[in-house]
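Numbering (the numbering used here), first residue to last: 297 to 429.
Note that CB positions come from ideal geometry on N, CA and C, so glycine has one too.
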């Protein structure tokens, strides 16, 4: 493979991967309602005082460096990752059958009717809440 072919392959794969990502970045305050499908991953970055409702099944949800964000999640294919966030809530409407990973975060609430999945965490202050509502 020539250097030009390698470069073109890299650019094409990068563009293809970005087509399947939805970015919510720097939003301060408000509500976001989104219909998602399992081909899309959701990236929430540096948001504050925000409620995000995801209708449908998405691929993966990433919550990074955010404060006072509430995620209302219907379902995921691979899981939820939360890093460097504070005072955030993850409200799950169906029994999660995917991975939940949380690190370097403070005051995180995860709420679901039941849990049948591992929750991996490191350096986290969190509450896992079993709730029907």
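Between residue 350 and residue 330, the beta carbon gap of about 6 Å places them in contact (Cβ cut-off 8 Å). Taken atom to atom, the span from the alpha-carbon of residue 404 to that of residue 347 is near 14 Å. Secondary structure note for residue 307: its alpha helix (DSSP H) is the uninterrupted segment 299–314.
With fewer than 16 neighbouring CB atoms inside 10 Å of its own CB, residue 391 falls in the exposed class.
Residue 417 sits in a strand when the DSSP states are folded into three classes.
DSSP lists 406 as the beta-bridge partner residues of residue 424.
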